[in-house]
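Chains as they are written, first to last, in the numbering used here: chain A, 57 to 195; chain B, 1193 to 1253.
Every residue gets a Cβ at the ideal spot worked out from N, C-alpha and C, and that includes glycine.
Note sheet for the following structure.
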Amino acid sequence: MAKKPKKKREPIPPIRLWGHVVALAWLIPGGGHLLLKRRGRAAILGAAVTITFLFGLFMRGAMFEPKTGDLLTTVIHVGGFLGDLASGSLYLLATLLGYAQPDVAGHAHDYGTKFLVAAGLMNILAMVDAFEIAVGRKD
Amino acid sequence: MPIVTLTHFEASLFLALMISVVLGVTGRKTDRERLIYGAKCFGYFLAAIFGLGWLMYFGHG
């Protein structure tokens, strides 16, 4: 049987092409696209991430702290913390302004917690998109 | 700060809509493809919400 030819990995483009774009995309949702003059997409992404994050706050969702312990605890808390952190300035601002909702029972709080993480995950998609545009893999 | 309380259904719909918008914008190359892909994602979310909802309803007996 013929062996499948190995796929060559694309080399990582120089960081000066995309570093500032991805950093801005993290800090301000939609900011990376705005820097790349994709205003319409910047507005939609910024609005989607910000509205989801605000709903998370208004539903009194809890922010994750990077706790470690058994595997499941570590995955949930560290993963959740990274998801929260991915919202950039929204997370930093909420934390600096003293938002510290304890994790309490109730479906609204639970959805709020998930909304906060989902906002960060959506911002990661926006960051990846901004990266691809910045290095010319996408229009 | 205002307090928002959504039902399970409203919260699921809201999240499905937001994620579909982001997937649509980031997932395709032309505006038309983006719109179709976003709508398709939202449709899949709706199917999953209703499908799993009925599954849980019948599962509980």
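- Alpha carbon to alpha carbon, how far is Ala98(A) from Leu90(A)? Taking the straight line from one Cα to the other gives about 5 Å.
- Could you list which residues in chain B have their beta carbon closer than 9 Å to that of Leu101(A), in chain order? Within chain B, the residues near Leu101(A) are Val1213, Val1214, Val1217 and Thr1218.
- Classify Tyr1236(B) as helix, strand or coil using the three-state DSSP reduction. Tyr1236(B): helix per DSSP, three-state reduction.
- Message: With a threshold of 8 Å between beta-carbons, can Ile1228(B) be considered close to chain A, or not?
- Response: For Ile1228(B), the closest Cβ of chain A is not nearer than 8 Å.
- Who are the neighbours of Leu128(A) on chain B, taking C-beta pairs under 7 Å? Simply none; closest approach about 23 Å.
- With burial defined as no fewer than 16 other Cβ atoms inside 10 Å of the residue's Cβ, what is the status of Ile189(A): buried or exposed? With 16 or more other Cβ atoms within 10 Å, it is buried.
- For Ser143(A), the three-state DSSP class (helix, strand or coil): Of the three classes helix, strand and coil, the one that applies to Ser143(A) here is coil, per DSSP.
- Query: Can you name the residues of chain B whose CB is closer than 9 Å to the CB of Tyr147(A)?
  - Reply: The premise fails here: Tyr147(A) is roughly 16 Å from chain B at the closest Cβ pair, so nothing lies under 9 Å.
- Closest Cα partner of Ala103(A) within the set Ala186(A), Met178(A), Gly192(A) and Gly75(A): Closest in alpha carbon position to Ala103(A), among Ala186(A), Met178(A), Gly192(A) and Gly75(A), is Met178(A).
- Pull up the distance between the alpha-carbon of Thr108(A) and that of Lys60(A), whole angstroms please. For Thr108(A) and Lys60(A), the gap between their C-alpha atoms comes out near 44 Å.
- Use the C-beta contact count for Leu73(A): other C-beta atoms within 10 angstroms, 16 or more gives buried, fewer gives exposed. The residue is exposed, with fewer than 16 neighbouring Cβ atoms inside 10 Å.
- C-beta atoms of Trp82(A) and Ala142(A) nearer than 8 Å: Yes, the Cβ-Cβ distance between Trp82(A) and Ala142(A) is below 8 Å.
- Query: Cβ of Arg95(A) within 7 Å of any heavy atom in the ligand COA?
  - Reply: Looking at this structure, you won't find the ligand COA or any other ligand, since it has none at all.
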